[in-house]
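Enquirer: Can you keep this structure in mind? I'll have questions shortly.
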Amino acid sequence: MPDSGLQDMLVRGTDQLGLQLSPAQIQSALDYVQLLLKWNRAYNLTAVRDPYDMITKHLLDSFSIYPYFTGVTTVADIGCGAGLPGIPLAIIYPDTHFTLVDSNGKKTRFVAQAAAELDLPNIDCRHSRVEEVISDNGFSVVTSRAFSSLGDMVTKCGHLLAPEGRFLAMKGIKPTEELSEIPSDYTVCAIHSVNVPGLQAQRHLVDIRPLSK
């Protein structure tokens, strides 16, 4: 039987974020949590085991950055792990194409299966190192919540940006020390403080763009 508490928690959280999801989108998000719970027993995809924690730490955390993806056409989620933030964002934005990349085969197998079961044709899953990913036109946004440092993300993923593209890096505490590691041909346009309903920890989103040549 579905856990109505999970749905109530998700709806309250999205309301707090100002995010209006359709019943079908709510159900898709909850189905994703159930898939994650099922696969996690065998494949250890995430250290988060409790479904209520998954609502907060996975779904609402990913949903919290949704305003910055409005109007974006293509997104690369690098080091996507179990599909975060790519799968939740793909549920919100069905007209945006998401390419989810990870070098861990069991995680990309899960992402591909989840995208199929959730009927998300706007997701392309790639089992690859980021340095080996090729995109003909580049991506409007390259995002990640897994890279160890901003400098590494920009250095290893710069080839993926479209001419007017940008990085949107998810971070915990404000990454002041990491800013000096960003290559000099990029600039930090903004560091957004993000509030995740139910999460006490700090969250930030760093907007990094190439300098005009």
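In the working numbering, the protein residues as written are 35 to 247. Note that the Cβ used here is the ideal one computed from N, Cα and C, for glycine as well. All values derive from a computational prediction rather than experimental measurement.
From what residue to what residue does the alpha helix (DSSP H) around T48 run?
Expert: S38 to L51
Enquirer: If we call anything under 9 Å between Cβ atoms a contact, is T177 one with P119?
Expert: yes
Enquirer: For the pair the region 96 to 114 and the region 76 to 85, tell me if three or more CB-CB distances fall below 8 Å.
Expert: The region 96 to 114 vs the region 76 to 85: no contact.
Enquirer: Under 8 Å from any heavy atom of the ligand HEM, does the C-beta of L93 make it?
Expert: As for the ligand HEM, it is missing from this structure, which has no ligand bound.
Enquirer: V228 and V240 look like a contact to me (Cβ under 8 Å); what is the Cβ gap, rounded to whole Å?
Expert: Wrong, their Cβ atoms sit about 10 Å apart, outside the cutoff.
Enquirer: Is it true that the CB of S162 sits closer than 9 Å to the CB of S137?
Expert: If you check the CB distance, S137 and S162 come in under 9 Å.
Enquirer: Sort out for me which residues DSSP pairs S178 with in a bridge.
Expert: A203
Enquirer: Using only the alpha-carbon positions, how far apart do T90 and K72 sit?
Expert: 18 Å
Enquirer: With contact counted as at least three CB pairs below 8 Å, one residue from each stretch, are the region 139 to 155 and the region 181 to 189 in contact?
Expert: no
Enquirer: Thinking C-alpha only, which one of S246, R143, V167 and K190 is nearest E215?
Expert: With distances taken between Cα atoms, E215 lies closest to K190.
Enquirer: Using the DSSP secondary-structure output, state which residues sit across from L70 in a beta bridge.
Expert: Under DSSP, no beta-bridge partner is assigned to L70.
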